[in-house]
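S.K.:
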Amino acid sequence: VRASTRVSEFVKSKTNDELLDYYLFTDGTHLTNLGILWIGRRFHRAKLLFAPAIQFIKFDENGEKVNKLVWDDYTLNPKELIQAVWSEIPDWKEGIEIKDGIFRKRIANYDEVVVRELIANALVHRPYTIRGDIFINLFPERLEVHNPGPFPIGVTETNILHQSVQRNPHLAKVFYDLNLMEKEGSGYDLIFKTLLSAGKPVPEPRESADRVRVTIRKRIVNQDIINFIDKANQEFQLNTKELISLGLIAQHGALTAIEMSKVLGLQVDETVRNWLGKLVEFGLVNMKGKTKGTTYYIDSDLLRKLDFKGKTTLRKIEPHRLKELILEDLRIYGKSSIGDIHNRIGKEIHLRSIRSQISNLIAEGLISKQGEKKGTKYLLTKIAQKKTNRQ
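The sequence shown begins at 149 in our numbering and counts up by one.
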């Protein structure tokens with residue numbers, strides 16, 4: 149927790165006993181069920197009414213089981229369970245290579261981000277009042293994650309991208325603070341973005357009487373989409389909604405406003421324009437028609453040739469070089485706001501790019517921030533200062 153970038157300095161300054169109390173792991177001198185789940189001994193975890201267990205089953209083309217792994221002995225806490233599922237299943241290492249100019253790019257059959265987020269969601273959102281294991285079923289062409297129990301009240305198959313309902317809020321907070329999952333309501337944004345950026349179909353959630361199943365397809369719809377989205381993102385530093393919208397339109401060729409609303413499960417007070425962001429302004433998406441009949445599409449030549457051009461050279465600056473510029477700027481000028489950094493480094497660089505790299509530098513422990521909102525200032529940490537001095 150003390151190493152997490154998502155936890156405030158106030159929380160990090162607490163003693164170990166105070167942290168246990170803060171996260172509701174203890175009630176006086178005893179561990180709560182939440183505390184037992186995370187830091188309890190195997191014996192006590194096994195005595196919980198419905199402690200989580202995970203089964204992985206691999207099927208061949210004929211539907212026959214060819215491999216099975218089980219984590220049901222209660223020796224692992226939730227964080228260790230997620231790591232075990234990722235590290236002990238060899239199939240996650242499989243993927244294909246596609247052409248990327250003169251180079252080759254590897255696309256995993258099932259991206260680590262997607263797998264970890266699905267498992268984390270299953271652990272956090274399962275009802276701990278009913279019996280049932282989490283099943284990870286791997287077929288030749290798809291991955292299915294089965295979670296016992298229905299969706300939380302208010303969440304459906306169509307609004308899962310937007311609706312945020314906390315079934316186990318205290319458990320979810322621990323997951324979020326430990327960087328094990330995105331905030332409720334944004335986890336599926338990350339899954340959508342990751343899949344669409346890899347040219348793959350969106351996840352397929354289905355609810356039955358006693359469980360929820362999420363299906364992830366292995367196939368790549370169109371390899372051209374992968375390089376197109378990658379280059380577009382490098383050029384324009386697209387946000388999550390823009391990446392999802394661009395990926396959807398690229399996969400379908402064209403979508404009307406009504407079709408996009410249906411795919412995205414938009415609420416009544418939301419509009420497709422909000423999700424498109426600046427895609428039309430950037431020239432990545434074209435539109436024709438009006439209101440609900442508006443159709444959004446991508447020019448086929450643009451998708452195939454990737455021939456859109458940036459306005460300036462600095463817009464294409466590589467991420468590692470932008471990091472170096474930010475560190476050098478703070479070394480010279482000291483504590484600064486993001487606006488000041490942006491002005492000094494170059495206004496032609498997207499502010500999104502600078503904000504993204506500052507977040508990365510904070511996560512790497514090279515930059516710290518002081519203040520909140522408009523008063524936020526950034527400065528080098530002692531680690532970064534030592535590196536600069538050595539250089």
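Here a beta-carbon is modelled for each residue, glycine too, at the ideal position from N, C-alpha and C.
Owing to the predicted nature of the structure, the values given are computational and were not obtained by experimental measurement.
Taking just the CA atoms, how far does asparagine 387 sit from leucine 309?
M.R.: The residue given as residue 309 occupies position 161 in the sequence shown. The residue given as residue 387 occupies position 239 in the sequence shown. If I take the Cα positions, the gap works out to 16 angstroms.
S.K.: Under the three-state reduction of DSSP, which class applies to lysine 247: helix, strand or coil?
M.R.: Your numbering for residue 247 matches position 99 in the sequence shown. DSSP places lysine 247 in strand when its eight states are reduced to three.
S.K.: Going along the chain, which residues of its own chain have a beta-carbon closer than 6 angstroms to the beta-carbon of lysine 483, five neighbours each way excluded?
M.R.: Working through the sequence shown from its first residue, we reach residue 483 at position 335. The residues are Lys525, Leu527.
S.K.: Check the DSSP bridge columns for valine 218 and list the partner residues they point to.
M.R.: Looking up residue 218 in the sequence shown gives position 70. According to DSSP, valine 218 bridges with Gln203.
S.K.: Quick one: what does DSSP say isoleucine 493 is sitting in, helix, strand or coil?
M.R.: Residue numbering aside, residue 493 sits at position 345 when the sequence shown is read from its first letter. Three-state DSSP puts isoleucine 493 in a helix.
S.K.: Please confirm whether glycine 401 and isoleucine 446 have their CB atoms less than 9 angstroms apart.
M.R.: Counting from one through the sequence shown, the residue named residue 401 turns up at place 253. Counting from one through the sequence shown, the residue named residue 446 turns up at place 298. Cβ distance < 9 angstroms, so glycine 401 and isoleucine 446 count as in contact.
S.K.: If you scan the segment 290–330 from start to end, which runs of the alpha helix (DSSP H) of 4 or more residues do you find wholly inside it?
M.R.: Fully enclosed alpha helix (DSSP H) runs of 4 or longer: 317–325.
S.K.: Please report the distance separating the alpha-carbon of glutamine 533 from that of glycine 425.
M.R.: Position 385 of the sequence shown, counted from the first residue, corresponds to residue 533. Position 277 of the sequence shown, counted from the first residue, corresponds to residue 425. The alpha-carbon atoms of glutamine 533 and glycine 425 are separated by roughly 38 angstroms.
S.K.: May I ask you to verify whether the segment 364–382 touches the segment 338–349, counting CB pairs closer than 8 angstroms and requiring at least 3?
M.R.: Short answer: they touch.
S.K.: Within the continuous alpha helix (DSSP H) that includes tyrosine 170, where are the two ends?
M.R.: For the purposes of this step, residue 170 is taken as the residue at position 22 of the sequence shown. Element bounds for tyrosine 170: 164–170.
S.K.: Between the Cα of tryptophan 240 and those of Arg290, Arg274, Ala199, spot the shortest distance and give me the residue it belongs to.
M.R.: For the purposes of this step, residue 240 is taken as residue 92 along the sequence shown, with counting starting at 1. Nearest option by C-alpha distance: Arg290.
S.K.: Suppose contacts are defined by Cβ-Cβ distances below 9 angstroms. Is phenylalanine 207 in contact with phenylalanine 287 by that definition?
M.R.: Sequence index remark: in the sequence shown, residue 207 carries index 59 (1-based). Sequence index remark: in the sequence shown, residue 287 carries index 139 (1-based). Yes, Cβ-Cβ distance for phenylalanine 207 and phenylalanine 287 is below 9 angstroms.
S.K.: Drop a sphere of 10 angstroms on the beta-carbon of threonine 177, count the other beta-carbons inside from all chains shown, and report buried for 16 or more, exposed for fewer.
M.R.: Along the sequence shown, one-based indexing puts residue 177 at 29. Answer is exposed; the Cβ neighbour count stays below 16.
S.K.: Comparing alpha-carbon positions, which option in Val411, Thr442, Trp186, Leu514 lies nearest leucine 224?
M.R.: If you number the sequence shown from 1, residue 224 lands on position 76. Minimum Cα distance to leucine 224 is reached at Trp186.
S.K.: How is the alpha helix (DSSP H) around leucine 182 delimited, first residue to last?
M.R.: For the purposes of this step, residue 182 is taken as residue 34 along the sequence shown, with counting starting at 1. Taken as a continuous stretch (DSSP letters only), the alpha helix (DSSP H) holding leucine 182 covers 181–187.
S.K.: If I measure Cβ to Cβ from glutamate 245 and keep anything under 6 angstroms in the same chain, skipping five residues before and after, which residues do I get?
M.R.: Translated into positions along the sequence shown, residue 245 becomes position 97. If we look at glutamate 245 and ignore the five residues flanking it on each side, its Cβ neighbours are Arg252, Arg254.
S.K.: Quick one: using the 10 Å Cβ neighbour count with 16 as the cut-off for buried, is alanine 357 buried or exposed?
M.R.: Along the sequence shown, read from residue 1 onward, the residue named residue 357 stands at position 209. Result: exposed.
S.K.: Rounding to the nearest angstrom, what Cα-Cα distance links tyrosine 324 and lysine 438 in this structure?
M.R.: Indexing the sequence shown from 1 puts residue 324 at position 176. Indexing the sequence shown from 1 puts residue 438 at position 290. Roughly 41 angstroms separates the two Cα atoms.
S.K.: Residues in the same chain with beta-carbon distance under 6 angstroms from aspartate 337, minus the five sequence neighbours each way, listed in chain order, please.
M.R.: Your numbering for residue 337 matches position 189 in the sequence shown. Excluding positions up to five away in sequence, the list reads Thr388.
S.K.: Per DSSP, what are the beta-bridge partners of proline 353 in this structure?
M.R.: Indexing the sequence shown from 1 puts residue 353 at position 205. DSSP output for proline 353 lists Val362 as bridge partner(s).
S.K.: Looking at lysine 440: is its Cβ nearer than 9 angstroms to the Cβ of isoleucine 406?
M.R.: Here residue 440 corresponds to residue number 292 of the sequence shown, with the count starting at 1. Here residue 406 corresponds to residue number 258 of the sequence shown, with the count starting at 1. Contact flag set, yes.
S.K.: Quick check: the Cα distance between alanine 398 and isoleucine 373, rounded to an integer number of angstroms?
M.R.: One-based indexing of the sequence shown puts residue 398 at position 250. One-based indexing of the sequence shown puts residue 373 at position 225. About 6 angstroms.
S.K.: Please state whether DSSP places glycine 523 in a helix, a strand or coil.
M.R.: Residue 523 sits at position 375 when you count from the first residue of the sequence shown. Three-state DSSP puts glycine 523 in a helix.
S.K.: Please classify tryptophan 234: is it buried, with 16 or more other beta-carbons within 10 angstroms of its beta-carbon, or exposed?
M.R.: Residue mapping note: residue 234 aligns to position 86 of the sequence shown, counting from 1. Exposed: under 16 other Cβ atoms inside 10 Å.
S.K.: Which same chain residues, not among the five before or five after valine 416, have their C-beta less than 8 angstroms away from its C-beta?
M.R.: Residue 416 sits at position 268 when you count from the first residue of the sequence shown. In this predicted model, valine 416 has a pLDDT of only 48, less than 50, meaning its place in the structure is not dependable enough to derive any value.
S.K.: For glutamate 466 and glycine 211, I'd like the C-alpha separation in whole angstroms.
M.R.: Locating residue 466 in the sequence shown gives position 318, counting from the first residue. Locating residue 211 in the sequence shown gives position 63, counting from the first residue. Roughly 46 angstroms separates the two Cα atoms.
S.K.: Just to confirm the assignment, what range does the alpha helix (DSSP H) spanning asparagine 375 have?
M.R.: Working through the sequence shown from its first residue, we reach residue 375 at position 227. Segment 371–384, the alpha helix (DSSP H) holding asparagine 375.
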